[in-house]
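Let me begin by presenting the structure, written as structure tokens, before commenting on it.
Protein chains: 2
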Amino acid sequence: MTEGYSELANETIKAANGIDYAYRDTGGGHEGVLPLVLLQHFRGNLDNWDPALIDGLAATRRVITFDNAGVGGSAGTTPDTIEQMARDAIAFVAAMDFGQVDLLGFSIGSFVAQQIALTRPAIVRKLVLASSAPQGAAGMHGWAPEVIGAVGTPHTSPEAYLDVFFARSAVSRQAGAEALRRLYTRTEDRDTATTWATREAQYDAVCTWGIPDHALLQRLSCLQMPVFVANGDSDPMILPHYSYLLAGLIPQARVKIYPDSAHGFLFQHHAEFAADVEAFLADGG
Amino acid sequence: MTEGYSELANETIKAANGIDYAYRDTGGGHEGVLPLVLLQHFRGNLDNWDPALIDGLAATRRVITFDNAGVGGSAGTTPDTIEQMARDAIAFVAAMDFGQVDLLGFSIGSFVAQQIALTRPAIVRKLVLASSAPQGAAGMHGWAPEVIGAVGTPHTSPEAYLDVFFARSAVSRQAGAEALRRLYTRTEDRDTATTWATREAQYDAVCTWGIPDHALLQRLSCLQMPVFVANGDSDPMILPHYSYLLAGLIPQARVKIYPDSAHGFLFQHHAEFAADVEAFLADGG
Numbered sequence: 012m013t014e015g016y017s018e019l020a021n022e023t024i025k026a027a028n029g030i031d032y033a034y035r036d037t038g039g040g041h042e043g044v045l046p047l048v049l050l051q052h053f054r055g056n057l058d059n060w061d062p063a064l065i066d067g068l069a070a071t072r073r074v075i076t077f078d079n080a081g082v083g084g085s086a087g088t089t090p091d092t093i094e095q096m097a098r099d100a101i102a103f104v105a106a107m108d109f110g111q112v113d114l115l116g117f118s119i120g121s122f123v124a125q126q127i128a129l130t131r132p133a134i135v136r137k138l139v140l141a142s143s144a145p146q147g148a149a150g151m152h153g154w155a156p157e158v159i160g161a162v163g164t165p166h167t168s169p170e171a172y173l174d175v176f177f178a179r180s181a182v183s184r185q186a187g188a189e190a191l192r193r194l195y196t197r198t199e200d201r202d203t204a205t206t207w208a209t210r211e212a213q214y215d216a217v218c219t220w221g222i223p224d225h226a227l228l229q230r231l232s233c234l235q236m237p238v239f240v241a242n243g244d245s246d247p248m249i250l251p252h253y254s255y256l257l258a259g260l261i262p263q264a265r266v267k268i269y270p271d272s273a274h275g276f277l278f279q280h281h282a283e284f285a286a287d288v289e290a291f292l293a294d295g296g
Numbered sequence: 012m013t014e015g016y017s018e019l020a021n022e023t024i025k026a027a028n029g030i031d032y033a034y035r036d037t038g039g040g041h042e043g044v045l046p047l048v049l050l051q052h053f054r055g056n057l058d059n060w061d062p063a064l065i066d067g068l069a070a071t072r073r074v075i076t077f078d079n080a081g082v083g084g085s086a087g088t089t090p091d092t093i094e095q096m097a098r099d100a101i102a103f104v105a106a107m108d109f110g111q112v113d114l115l116g117f118s119i120g121s122f123v124a125q126q127i128a129l130t131r132p133a134i135v136r137k138l139v140l141a142s143s144a145p146q147g148a149a150g151m152h153g154w155a156p157e158v159i160g161a162v163g164t165p166h167t168s169p170e171a172y173l174d175v176f177f178a179r180s181a182v183s184r185q186a187g188a189e190a191l192r193r194l195y196t197r198t199e200d201r202d203t204a205t206t207w208a209t210r211e212a213q214y215d216a217v218c219t220w221g222i223p224d225h226a227l228l229q230r231l232s233c234l235q236m237p238v239f240v241a242n243g244d245s246d247p248m249i250l251p252h253y254s255y256l257l258a259g260l261i262p263q264a265r266v267k268i269y270p271d272s273a274h275g276f277l278f279q280h281h282a283e284f285a286a287d288v289e290a291f292l293a294d295g296g
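One line per chain: the protein sequences are A and B, in this order. Under this note's numbering, the first residue of the first sequence is numbered 12, with each subsequent residue one higher. Under this note's numbering, the first residue of the second sequence is numbered 12, with each subsequent residue one higher.
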């Protein structure tokens with residue numbers, strides 16, 4: 012690896028759907044290892060991935076971050092359904108000429124990752140679901156008032172971000188402050204900020220995903236690929252309860268709940284999580 | 012505690028259903044603490060509880076083991092449904108004049124415990140489900156061939172017991188040998204052996220519980236009491252996968268998977284499990 016995530020160029024690729032997608036590519040020429048494609052959280056763009064996490068993952072494999080259609084530096088309109096977000100992500104993967112990838116979805120990105128695995132299973136070798144929940148689970152219809160009140164406002168603050176992404180303990184808050192510093196290490200060529208239209212469409216998609224429908228839980232029983240489910244033990248946005256549900260619904264799943272952490276557990280525990288993801292992706296080839 | 016489980020008298024009580032139930036009672040006068048009633052595994056009787064586990068649990072609370080209707084030293088006929096086993100167990104609890112109890116169900120006993128919590132929630136303060144699975148879960152229709160081939164035969168062997176209740180490692184096998192020694196410490200007044208009729212009826216109930224029906228998974232969403240779900244990481248009889256499913260379906264559940272252990276994880280890790288159960292039952296009153 013010649014440079015860290017904070018120094019990577021913003022790149023653009025036009026897909027068959029006509030949309031120009033913004034992305035970053037750690038490269039690195041890891042022969043025989045599939046690229047790992049990341050799907051971002053609610054309102055996040057390329058700059059909302061913790062560079063420490065990406066650098067950790069990129070030590071052993073090529074990592075691709077991208078803005079889905081309508082998000083950040085990508086063209087197009089943010090759709091209001093997870094199904095369309097999955098189509099848009101599949102179009103990006105096809106444009107990159109990746110036959111098969113490993114997928115890591117975070118929060119709303121994990122919903123999109125599930126949908127991709129259901130719609131186009133052939134392109135997903137292994138799946139990592141971070142801070143995730145299955146479609147239709149009871150109690151998932153929109154974030155809790157204090158959560159959407161913190162991260163759903165027109166202008167969000169670092170304090171509001173910390174309240175959702177990090178736990179209450181001094182250790183977690185300190186980790187949050189350090190993660191925030193890393194997120195702002197890059198000062199040049201930052202990605203385009205996400206818009207209010209993106210926020211509205213994404214939250215519609217989140218609420219639609221959360222309409223309770225027990226029958227929909229059965230969808231995941233058809234997944235054949237190995238899945239790693241992970242969450243923070245104190246996530247107020249998507250409770251770890253739903254990680255157990257995912258692990259119980261998906262035939263080949265392993266699950267890990269990280270201590271004293273919240274929605275952003277993967278930034279707080281970036282070294283441990285990167286090592287766990289590496290172990291999962293490397294296991295059995 | 013004046014005596015260990017291996018020395019406890021076999022007692023009998025007649026319930027309103029006319030059945031004389033065999034039981035053992037650790038007593039101990041723990042004021043203000045509800046009795047903990049245990050529900051036994053497939054083909055098990057009073058002597059199939061590891062005395063080390065019962066003594067651990069009895070350090071802080073009164074523990075009751077009993078044979079359900081038709082099993083071991085109890086009169087009556089073993090029913091072939093979990094629903095009837097739950098009615099029979101509720102009749103025993105009523106005969107003991109317990110208004111409310113904590114319940115710990117192990118294997119088929121955990122199915123009965125779930126059914127009691129669904130049918131008569133008022134008598135269950137807290138619920139412990141060991142080596143358990145929800146009714147209707149896919150892949151639970153009868154034990155795997157090597158499992159029923161080991162513990163489902165007319166005459167079972169210690170080796171077959173070890174194969175299902177303990178893992179493959181030398182450490183787990185050694186723990187199994189020690190548990191078996193403890194199970195046979197008692198030489199006088201052992202309980203009546205369970206019959207082939209009990210085996211047949213219980214396995215019919217197990218298979219019926221395992222008929223796949225996704226809709227039935229939703230039953231557990233109504234449970235209001237706290238639940239502790241536990242399993243061994245290498246249980247071949249009821250995979251830990253189902254413990255995650257339970258923890259995802261039950262609103263207030265915690266889950267723990269014990270390392271290098273199988274169906275009998277609670278005997279292998281008796282001190283740790285007893286401490287975990289105590290912490291769960293003592294938490295918040």
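Quick reminder that beta carbons are idealized off the backbone N, C-alpha and C, glycines included.
Taking the CA atoms as reference points, A:Asp202 sits about 30 Å from A:Gln146.
Within the stretch 261–278 of chain A, Val266 place their CB atoms closer than 7 Å to a CB of chain B, listed in sequence order.
Going by beta carbons, B:Arg193 and B:Asp61 fall inside the 8 Å limit. Residue contact check for B:Ser232 against chain A: a CB pair falls below 8 Å.
In terms of beta-carbon proximity, B:Ala149 lines the interface with chain A, with at least one pair separated by less than 8 Å. In the pairwise beta carbon analysis, the stretch 274–293 of chain A is classified as not touching the stretch 34–44 of chain B: fewer than three pairs are separated by under 8 Å. DSSP, read as helix, strand or coil, puts B:Asn79 in coil. For A:Arg98, the enclosing alpha helix (DSSP H) begins and ends at 93–106. Under the three-state reduction of DSSP, A:Arg210 is assigned to helix. For A:Ala258, a Cβ of chain B is located within less than 8 Å of the residue's own Cβ.
Between A:Pro165 and the set A:Ser143, A:Thr209, A:Arg197, A:His152, the nearest pair of CA atoms involves A:Thr209. With the criterion set as a beta carbon lying under 8 Å from some beta carbon of chain A, the members of the stretch 214–227 of chain B are His225, Ala226, in sequence order. Relative to A:Glu18, the option among A:Asp200, A:Phe122, A:Leu228, A:Ala186 whose CA is nearest is A:Asp200.
Annotation: Cβ neighbours of A:His252 in chain B (cutoff 7 Å, chain order): Gly259. If you check the CB distance, A:Leu260 and A:Leu228 come in under 8 Å.
Apart from the 5 residues on each side of it in sequence, A:Phe276 sits with its Cβ closer than 6 Å to the Cβ of Gly243, Tyr269 in its chain, given in chain order.
Secondary structure of B:Phe284 (DSSP, three-state): helix. A:Asp66 is not a Cβ neighbour of A:Ala212, given a cutoff of 8 Å. When 7 Å is used as the limit between beta carbons, B:Tyr255 is near these residues of chain A: Tyr255, Ala258, Gly259, Val266, in chain order. Residue ranges of uninterrupted alpha helix (DSSP H) with 4 or more members, entirely inside the stretch 231–266 of chain A and ordered along the chain, are 252–260. When secondary structure is reduced to three states using DSSP, B:Leu19 falls in the coil class, being assigned neither helix nor strand. As DSSP reads the structure, B:Leu114 sits in a beta bridge with B:Val48, B:Leu138.
Contact between B:Leu173 and B:Gly187 holds, with the beta-carbon distance rounding to 4 Å and staying under 8 Å.
B:Leu115 and B:Ala128 do not touch by the CB rule: their CB atoms are close to 12 Å apart, not below 8 Å. Within the same chain, and ignoring the five residues on either side of B:Met151 in sequence, the residues whose Cβ sits closer than 6 Å to its Cβ are Ala144, Gly221.
Exposure of B:Gln185 is indicated by the presence of fewer than 16 other C-beta atoms within 10 angstroms of its C-beta. Not a single C-beta of chain A is nearer than 8 Å to the C-beta of B:Gln235. Secondary structure at A:Ala190: helix, using DSSP grouped into helix, strand and coil.
If you check the CB distance, B:Asn79 and B:Asp99 come in under 8 Å.
Burial state of B:Arg179 is exposed, judged by a 10 Å Cβ sphere holding fewer than 16 other Cβ atoms. The beta-bridge partner set that DSSP reports for B:Tyr195 is empty. The C-beta of B:Gln95 comes no closer than 8 Å to any C-beta of chain A.
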